[in-house]
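Quick notes on the structure that follows.
In our numbering, the protein residues as written are 386 to 615.
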């Protein structure tokens, strides 16, 4: 994190470590992450979940929905490290959301809240309809489905033109909200074709998850896909 400009103070560092402890404790009772990944949880889950913050400058005050959050990934690590990001953790499996509610309360993570339900049902509720600047998702489904599930949650473009995210490092690329941020892996050509017709081709940006310290097996060939959602 220090190599990538993310400096954690002691309370947030302790909170991130405590989250890992709680996730592993709950995983003994409920399948929140693969049991094969418990030995590599920091590299394969925590670092992967934080990778959007290494690549993108997300402004304070942005509201995000973690769609199909499972064990709180990527939402909880992002909320801990980016204290100005409000994240709603959504999952349809009630036993997972009960575990997440306990974890969030134990951490006293006030910038995160847990919601149980199917995306199609929750999206029509007034509290969540068109209520978010971005949707984040990790290992949930193909881009075509993610675009369909995300659209009802996202604010209409132009409601707040000052809210944007852009590439870290002063590059020219700027991405205006609302957006879907999908953590994906492998060859995405087929998934990209499946989204065409729903969004323009130039609305899809694929970033390799490469930054100082990312050259580890668990992050090889991982990508962050940014989909403009007008």
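All C-beta atoms in this analysis are idealised placements derived from N, C-alpha and C, irrespective of residue type, glycine included.
Outcome for residue i when other beta-carbon atoms lying within 10 angstroms are tallied against a minimum of 16
| i | result |
| --- | --- |
| residue 503 | exposed |
| residue 447 | buried |
| residue 437 | buried |
| residue 531 | buried |
| residue 419 | exposed |
| residue 587 | exposed |
| residue 599 | buried |
Endpoints, beta strand (DSSP E) assigned at residue i
| i | result |
| --- | --- |
| residue 476 | 471-476 |
| residue 561 | 559-561 |
| residue 591 | 589-593 |
| residue 609 | 607-613 |
9 Å Cβ cutoff met for residue i and residue j
| i | j | result |
| --- | --- | --- |
| residue 455 | residue 476 | yes |
| residue 484 | residue 427 | no |
| residue 487 | residue 581 | no |
| residue 520 | residue 534 | yes |
| residue 517 | residue 457 | no |
| residue 584 | residue 559 | no |
| residue 445 | residue 470 | yes |
Same chain only: Cβ atoms within 7 Å of residue i, ignoring 5 sequence neighbours per side
| i | result |
| --- | --- |
| residue 571 | 606 |
First and last residue of the uninterrupted alpha helix (DSSP H) at residue i
| i | result |
| --- | --- |
| residue 404 | 395-412 |
| residue 580 | 574-580 |
| residue 386 | That residue, residue 386, is in no alpha helix (DSSP H); it is neither H nor E in DSSP. |
| residue 464 | 460-466 |
Residue(s) in a DSSP beta bridge with residue i
| i | result |
| --- | --- |
| residue 519 | 449 and 564 |
| residue 501 | 476 |
| residue 551 | 442 and 559 |
| residue 570 | 607 |
Same chain only: Cβ atoms within 8 Å of residue i, ignoring 5 sequence neighbours per side
| i | result |
| --- | --- |
| residue 391 | 435, 438, 439 and 466 |
| residue 474 | 451, 454, 457, 460, 461, 482, 485, 489, 497, 498, 499 and 500 |
| residue 409 | 423 and 426 |
| residue 637 | Any question about residue 637 goes unanswered here, given that the chain covers just 386 to 615. |
Chain-order list of residues whose beta-carbon lies under 6 Å from that of residue i (same chain, five-residue window excluded)
| i | result |
| --- | --- |
| residue 590 | 611 |
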